[in-house]
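K.L.:
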Amino acid sequence: MNPSSPSASAALLPPISCLQDDDRPWLPMDARLPGLAIKYLHINAADDEMTVLLKMPVGLALPRHRHDGAVFVYTLQGEWRYREYDWIARPGSTVLEPAGSHHTPEAIASETGEVVTFNVMRGDLVLLDEAGNETARENCRVALLRERKFARATPDVAPPFVTR
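Each residue of the sequence shown is one higher than the one before, counting from 7 in this note's numbering.
Pasting the structure below:
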């Protein structure tokens, strides 16, 4: 084997994996929020960061929440906004939420009836009640528990990429 050939070089490197869109399922997030679903792409517990797709039906508003870390959102499908701001995110829009930001996302329009976003989230997402008190958290630990529960029920489905 020629050491400069791609196959020889690749043998020295860690493997690179590829999951197709259909390999990863949409998981329901909360029974109180019908239609809200998450698709975990990468759960990086080592750095407390998740890369996910979020899907929500038009008309659904998520509870007000804050992020303990920064969040990057890229809109793939539909239109959404934060009730606290006057802009609208459309396909191709990029939103950067700084750590500590509070907001109430709402799906407002889509030809398919659903809004889909690509999200990179660092740290905890903390759900808040009307008085600003914490009611729940979403983070890598919760994501891994949700994934484990799903994996037990569907052992043939590929897991997301996980870094510990």
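For glycine and all other residues, C-beta sits at the position ideal for the given N, C-alpha and C.
Relative to the C-alpha of residue 124, which candidate in 52, 136, 81 has its C-alpha closest?
P.N.:
When each option's Cα is compared against that of residue 124, the closest is 81.
K.L.:
Thinking C-alpha only, which one of 67, 160, 153, 144 is nearest residue 168?
P.N.:
Out of 67, 160, 153, 144, 153 has the C-alpha closest to the C-alpha of residue 168.
K.L.:
Hey, could you find the ends of the alpha helix (DSSP H) residue 202 is sitting in?
P.N.:
Outside the modelled stretch of the chain, which goes from 7 to 170, sits residue 202, for which no answer is possible.
K.L.:
With a threshold of 16 other CB atoms inside 10 Å of the CB of residue 111, please say whether the residue is buried or exposed.
P.N.:
It counts as buried.
K.L.:
Identify the residues that DSSP records as bridge partners of residue 70: which are they?
P.N.:
According to DSSP, which records beta bridges pairwise, residue 70 is partnered with nothing at all.
K.L.:
Nearest by alpha-carbon distance to residue 137: which of 35, 70, 24, 20 is it?
P.N.:
Checking every option, the nearest Cα to that of residue 137 belongs to 70.
K.L.:
Report the residue ranges of all alpha helix (DSSP H) runs contained in full by the segment 23-53; include only those spanning at least 4 residues, in chain order.
P.N.:
Whole alpha helix (DSSP H) segments, 4+ residues: zero.
K.L.:
Using 8 Å as the cut-off, can you tell me whether the segment 53-70 makes contact with the segment 144-164, which would need three or more C-beta pairs spanning the two stretches below that distance?
P.N.:
Output reads yes: the segment 144-164 touches the segment 53-70.
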